[in-house]
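Colleague:
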Amino acid sequence: MRDDGAVHLMIDGLDAIALATLAGVPRVALCDLVSSTMDEANDLAEQDAPSGTVVIAERQSDGRGRFGRRWSSEPGMGLWMTLLEREVEPSGLDVLSLRVGLAIAPVLDRFVDAGVQVSIKWPNDLLVNRRKLAGVLIEARWRESTLEWVTIGIGVNLIVPLDQPAATALVEGTRRSDLFRAIVAPVRAACAASGQLTQAELLEFSARDAASNQLLAEPTVGRARGITSTGALLVETSMETVQCRRGSLVFASEDA
Numbered sequence: 005m006r007d008d009g010a011v012h013l014m015i016d017g018l019d020a021i022a023l024a025t026l027a028g029v030p031r032v033a034l035c036d037l038v039s040s041t042m043d044e045a046n047d048l049a050e051q052d053a054p055s056g057t058v059v060i061a062e063r064q065s066d067g068r069g070r071f072g073r074r075w076s077s078e079p080g081m082g083l084w085m086t087l088l089e090r091e092v093e094p095s096g097l098d099v100l101s102l103r104v105g106l107a108i109a110p111v112l113d114r115f116v117d118a119g120v121q122v123s124i125k126w127p128n129d130l131l132v133n134r135r136k137l138a139g140v141l142i143e144a145r146w147r148e149s150t151l152e153w154v155t156i157g158i159g160v161n162l163i164v165p166l167d168q169p170a171a172t173a174l175v176e177g178t179r180r181s182d183l184f185r186a187i188v189a190p191v192r193a194a195c196a197a198s199g200q201l202t203q204a205e206l207l208e209f210s211a212r213d214a215a216s217n218q219l220l221a222e223p224t225v226g227r228a229r230g231i232t233s234t235g236a237l238l239v240e241t242s243m244e245t246v247q248c249r250r251g252s253l254v255f256a257s258e259d260a
């Protein structure tokens, strides 16, 4: 159900207008059930929704991650949202997923158990103790050689889904409105950045790298050795160190 005024949806007692004011964005579309917040945001973009528009859903019937993987998104279980941005520098698009992850990680640190640091699993997952807490999905729409808009999908678990035993969640009692407010500004700043990852960003990734020096089965067999400024995963094989730009990171059965 789209936010069309027929049903007054709220999050933590806040309606769409209050949430937009809280986060400093031009519009929030609160939805009950959508196929995915990404689809809804793309539809709104085609209707000339302004940059900074955010779609938040109670439920997604077809929430997705990379390669079409399903993201469990039931009512009250997490924050399911997509941000629409029109002013994204194309030179930063290849590293945007990592840059958004780097922006979100310190925010999520404030919502997990004390002393626990959120780690980043290349290229788009955020983990706690190797269990998935959140995911990022980036989609770009082009008209010939012109980048028209980018949608940034973010899903964060507040409660561990029963069908995802390898997942984890934020501390009990976390309010979605507080999480939403904390996430939006850093993500928008990440979208405004241009070019390759900076040295500071590479250092931050290294400090949060979930795969640092770990043995991998995919995207190629070897030992993880960090990332490059262009976002490629470095894997040391028996022959050489290779750069992987596609695929998913899968840990080998034995730990390093």
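Counting from 5, one number per residue, gives the positions in the sequence shown under this note's numbering.
A virtual CB, placed ideally from N, CA and C, is assigned to each residue, including glycine.
Source: prediction; values computed, not measured.
Would you grab the beta carbon distance between L201 and S233 for me? Rounded to a whole angstrom, and I think it's under 8 angstroms.
Modeller: The residue you call residue 201 lines up with position 197 of the sequence shown. The residue you call residue 233 lines up with position 229 of the sequence shown. Their Cβ separation, rounded to whole angstroms, is 5 angstroms, which keeps L201 and S233 in contact under 8 angstroms.
Colleague: Mind checking which residues open and close the beta strand (DSSP E) that includes L23?
Modeller: Here residue 23 corresponds to residue number 19 of the sequence shown, with the count starting at 1. Unbroken run through L23 is the alpha helix (DSSP H), A20 to A27; no beta strand (DSSP E).
Colleague: Does F71 come out as helix, strand or coil in the three-state DSSP assignment?
Modeller: Translated into the one-based positions of the sequence shown, residue 71 becomes position 67. Note that F71 scores 49 on pLDDT, short of 50, meaning its location in the model is unreliable and no value can be drawn from it.
Colleague: Tell me, please, which residues DSSP counts as bridged to D213.
Modeller: Reading the sequence shown from its first residue, position 209 is the one you call residue 213. In DSSP, D213 forms a bridge with I124.
Colleague: Measuring only the C-alpha atoms, how far is V92 from E176?
Modeller: Residue mapping note: residue 92 aligns to position 88 of the sequence shown, counting from 1. Residue mapping note: residue 176 aligns to position 172 of the sequence shown, counting from 1. Looking at the two C-alpha atoms, the distance is approximately 35 angstroms.
Colleague: Quick one: give me the first and last residue of the alpha helix (DSSP H) that A170 is part of.
Modeller: The residue given as residue 170 occupies position 166 in the sequence shown. Per DSSP, A170 belongs to no alpha helix (DSSP H) and is neither H nor E.
Colleague: Would you please state the rounded distance, in angstroms, between the beta carbons of A270 and R249? I believe it to be under 8 angstroms.
Modeller: Since the first and last residues shown for the chain are 5 and 260, residue 270 lies out of range.
Colleague: Could you please give me the residues that DSSP links to G139 through a beta bridge?
Modeller: Position 135 of the sequence shown holds residue 139. DSSP lists D129 and G159 as partners of G139.
Colleague: Who are the near neighbours of S198 in its chain, counting only those whose CB is closer than 8 angstroms to its CB and skipping five residues on each side?
Modeller: The sequence position of residue 198 within the sequence shown is 194, counting from 1. For S198, where only same-chain residues beyond five positions count, the Cβ hits under 8 angstroms are E93, S95 and G96.
Colleague: So, for E244: in the same chain, excluding its five sequence neighbours on each side, which residues have a beta-carbon less than 7 angstroms away from its beta-carbon?
Modeller: Locating residue 244 in the sequence shown gives position 240, counting from the first residue. Cβ neighbours of E244 beyond the five flanking positions: none.
Colleague: Helix, strand or coil for L13, going by three-state DSSP, please let me know.
Modeller: For the purposes of this step, residue 13 is taken as the residue at position 9 of the sequence shown. Residue state, collapsed to three classes: coil.
Colleague: Just tell me which of L141, P79, P223 and A118 has its CA closest to the CA of S65.
Modeller: Position 61 of the sequence shown, counted from the first residue, corresponds to residue 65. Among L141, P79, P223 and A118, the Cα nearest to that of S65 belongs to P79.
Colleague: Which of helix, strand or coil does DSSP assign to V92?
Modeller: Your numbering for residue 92 matches position 88 in the sequence shown. Three-state result, V92: coil.
Colleague: For W126, which residues in the same chain have their Cβ closer than 7 angstroms to its Cβ, ignoring the five residues on either side in sequence?
Modeller: Looking up residue 126 in the sequence shown gives position 122. Excluding positions up to five away in sequence, the list reads A215, I231, L237 and L253.
Colleague: Three-state secondary structure (DSSP) at D36?
Modeller: Within the sequence shown, the letter at position 32 stands for residue 36. DSSP places D36 in strand when its eight states are reduced to three.
Colleague: I'd like to confirm something about T224: is its beta-carbon nearer than 6 angstroms to some heavy atom of the ligand GTP, or not?
Modeller: As far as ligands go, the structure on display features none, and thus does not contain the ligand GTP.
Colleague: Measuring CA to CA, which of L106, A118 and F115 is closest to I124?
Modeller: As a working note, residue 124 is residue 120 in the sequence shown. Minimum Cα distance to I124 is reached at L106.
Colleague: Could you tell me the distance, in whole angstroms, from the CA atom of D1 to the CA atom of A256?
Modeller: Outside the displayed range of the chain (5 to 260) lies residue 1, so it cannot be described from this structure.
Colleague: Assuming V188 contacts A27 under a Cβ cut-off of 8 angstroms, what Cβ separation, rounded to an integer in Å, is found between them?
Modeller: Numbered from 1 along the sequence shown, position 184 holds the residue referred to as residue 188. Numbered from 1 along the sequence shown, position 23 holds the residue referred to as residue 27. Sure, about 4 angstroms apart at Cβ, within 8 angstroms.
Colleague: What distance in whole Å lies between the Cβ atoms of V59 and A33, which are believed to be in contact at a cut-off of 8 angstroms?
Modeller: Locating residue 33 in the sequence shown gives position 29, counting from the first residue. Locating residue 59 in the sequence shown gives position 55, counting from the first residue. Contact holds; Cβ gap of about 5 angstroms.
Colleague: Alpha carbon to alpha carbon, what distance is there between G159 and A171?
Modeller: Mapped onto the sequence shown, residue 171 falls at position 167. Mapped onto the sequence shown, residue 159 falls at position 155. If you take the alpha carbons of A171 and G159, they lie about 12 angstroms apart.
Colleague: Residues bridged to V246 by DSSP?
Modeller: Sequence index remark: in the sequence shown, residue 246 carries index 242 (1-based). Looking at the DSSP assignment, V246 forms a beta bridge with V239.
Colleague: Measuring only the C-alpha atoms, how far is L151 from E62?
Modeller: In the sequence shown, residue 151 corresponds to position 147, counting from 1. In the sequence shown, residue 62 corresponds to position 58, counting from 1. C-alpha separation (whole angstroms): 30 angstroms.
Colleague: Quick one: measure Cβ to Cβ for V111 and V132, integer angstroms, because I've assumed they're closer than 8 angstroms.
Modeller: Reading the sequence shown from its first residue, position 107 is the one you call residue 111. Reading the sequence shown from its first residue, position 128 is the one you call residue 132. Rounded, the Cβ-Cβ distance is 13 angstroms, inconsistent with contact.
Colleague: Can you look up T41 in the DSSP assignment and give me helix, strand or coil?
Modeller: On the sequence shown, residue 41 is found 37 positions in, with the first residue counted as 1. In this structure, T41 counts as helix in the three-state DSSP scheme.
Colleague: Name the one or two DSSP bridge partners that R147 has.
Modeller: For the purposes of this step, residue 147 is identified with residue 143 of the sequence shown, where counting begins at 1. Partner(s): T150.
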